[in-house]
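Position one of the sequence shown corresponds to residue 22 (the working numbering), numbered consecutively onward.
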Amino acid sequence: MEVERDRHKISVKDYQKMIEVGILTEKDKVELIHGEIIEMTPISSLHSSVVNRLSNLLIKKLIEEKVIVSTQNPIRATIDSYPEPDIAVLKFKDDYYKETHPGGNDISLIIEVSHSTLMFDRNVKLPIYAKASIPEYWIIDAENEMIEVYSEPKEDIYKKRILYKSGENIPLANFGVSLKVSEIF
């Protein structure tokens with residue numbers, strides 16, 4: 022019979038300390054999820070293409086807004102989760118979050134591009150982002166060219182989910198503009 026071994030969970034504070042003292046470096050492709058250091062999936066060219074295209078589209082569409090489009094940088098989501106979403110649209114700060122990474126109140130939109138991580142993004146990251154009260158969360162299903170848009174966070178769920186496909190427009194909540202699904206792929 023296999024015995025489950027004890028796991029030692031760490032907080033975001035401990036994780037940040039590991040980065041500060043050099044235990045974890047930029048070479049380590051990891052993120053903190055529910056107190057555990059998780060290796061991130063290698064990034065495919067399809068994934069990179071969608072992230073780059075979407076980042077450029079958001080910058081163009083939101084140029085008049087006071088926002089920061091952050092790509093593959095950490096956020097302070099919960100006490101034990103410090104994920105690195107593919108894209109985060111942040112409220113503007115003059116120092117560009119120099120002193121601390123953005124938290125839930127600083128974020129208007131989180132986007133995860135899923136090529137091989139769809140179930141992880143739905144089942145693990147979605148509840149984290151909802152719990153952080155991030156108003157809108159997109160999962161880009163790169164393989165099937167569909168976009169799941171979640172809004173109205175409550176506790177660890179989003180009350181509203183809309184699926185967008187080719188030929189449809191996705192409104193950017195709070196900004197009065199939209200993106201065509203076909204522009205993203």
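Beta carbons: idealized from backbone N, C-alpha and C, even for Gly.
Just so we're clear, the structure is a prediction, and the values are computed from it rather than from any experiment.
Q) Count the other CB atoms within 10 Å of the CB of L130; is the residue buried (16 or more) or exposed (fewer)? A) Numbered from its first residue, the sequence shown carries residue 130 at position 109. Flag for L130 reads buried.
Q) First and last residue of the beta strand (DSSP E) that includes P174? A) Locating residue 174 in the sequence shown gives position 153, where the first residue counts as 1. Element bounds for P174: M167 to K175.
Q | Short Cβ contact (8 Å threshold) for I178 with A151 | A | Taking the sequence shown and counting its residues from 1, the one referred to as residue 178 is at position 157. Taking the sequence shown and counting its residues from 1, the one referred to as residue 151 is at position 130. Cβ atoms of I178 and A151: closer than 8 Å.
**Q.** Helix, strand or coil at K30 [DSSP, three-state]
**A.** On the sequence shown, residue 30 is found 9 positions in, with the first residue counted as 1. DSSP places K30 in the coil class of the three-state scheme, outside both helix and strand.
Q) For the stretch 55-126, which segments carrying the beta strand (DSSP E) assignment without a break, of at least 3 residues, lie completely within its bounds, in sequence order? A) Counting whole runs of 3 or more residues, the stretch 55-126 contains the beta strand (DSSP E) stretches 57-60, 88-92 and 108-112.
Q) Are P107 and V134 closer than 8 Å when you measure CB to CB? A) Counting from one through the sequence shown, the residue named residue 107 turns up at place 86. Counting from one through the sequence shown, the residue named residue 134 turns up at place 113. Reading off the sequence, residue 107 comes out as Asp, not Pro. Yes, Cβ-Cβ distance for D107 and V134 is below 8 Å.
Q: Have a look at the DSSP bridge pairing and note the partners of V51.
A: The count along the sequence shown starts at 1 and reaches residue 51 at position 30. By DSSP's assignment, V51 forms a beta bridge with E60.
Q | Residue nearest to P156 in terms of C-alpha spacing, selected from D127, T138, F141 and I168 | A | Looking up residue 156 in the sequence shown gives position 135. Measuring C-alpha to C-alpha distances from P156 to each of D127, T138, F141 and I168 identifies D127 as the nearest.
Q: Report the residue from D162, G125 and S154 whose alpha carbon sits nearest the alpha carbon of D142.
A: Numbered from 1 along the sequence shown, position 121 holds the residue referred to as residue 142. Checked all of D162, G125 and S154; the closest Cα to D142 is D162.
Q. Could you give the distance in angstroms between the alpha-carbon of T138 and the alpha-carbon of D116?
A. What you label residue 138 is simply residue 117 of the sequence shown in a count that begins at 1. What you label residue 116 is simply residue 95 of the sequence shown in a count that begins at 1. Distance between T138 and D116, taken at the CA atoms: about 32 Å.
Q | Cβ neighbour criterion (16 or more within 10 Å) applied to H29 | A | Counted from its first residue, the sequence shown places residue 29 at position 8. Burial call: exposed.
Q: Taking 8 Å as the cut-off, decide whether the C-beta atoms of E166 and S199 are in contact.
A: Taking the first residue of the sequence shown as 1, we reach residue 166 at position 145. Taking the first residue of the sequence shown as 1, we reach residue 199 at position 178. Taking the C-beta atoms as reference points, S199 is found no nearer than 8 Å to E166.
Q. Hey, out of E47, V51, L78 and I64, whose CA is closest to E204's CA?
A. For the purposes of this step, residue 204 is identified with residue 183 of the sequence shown, where counting begins at 1. Shortest Cα-Cα distance from E204 to any of E47, V51, L78 and I64 involves L78.
Q: Quickly, what does DSSP pair L193 with across the bridge? List them, please.
A: Residue numbering aside, residue 193 sits at position 172 when the sequence shown is read from its first letter. Among the bridge pairs identified by DSSP, L193 is matched with V198.
Q: Pull up the distance between the alpha-carbon of L83 and that of M140, whole angstroms please.
A: Residue numbering aside, residue 83 sits at position 62 when the sequence shown is read from its first letter. Residue numbering aside, residue 140 sits at position 119 when the sequence shown is read from its first letter. C-alpha separation (whole angstroms): 29 Å.
**Q.** Endpoints, the beta strand (DSSP E) within which L45 is located
**A.** Residue mapping note: residue 45 aligns to position 24 of the sequence shown, counting from 1. Per DSSP, L45 belongs to no beta strand (DSSP E) and is neither H nor E.
Q. CB-CB under 6 Å to A98, same chain, minus the five flanking residues each way: which ones, in chain order?
A. In the sequence shown, counting from the first residue as 1, residue 98 sits at position 77. The residues are P104, I149 and A153.
Q) For K38, which three-state DSSP category applies? A) As a first step, residue 38 is located in the sequence shown; it is residue number 17 there, counting from the start. In this structure, K38 counts as helix in the three-state DSSP scheme.
Q) Which first and last residues belong to the beta strand (DSSP E) in which I132 is found? A) Locating residue 132 in the sequence shown gives position 111, counting from the first residue. I132 -> beta strand (DSSP E) spans I128 to S135.
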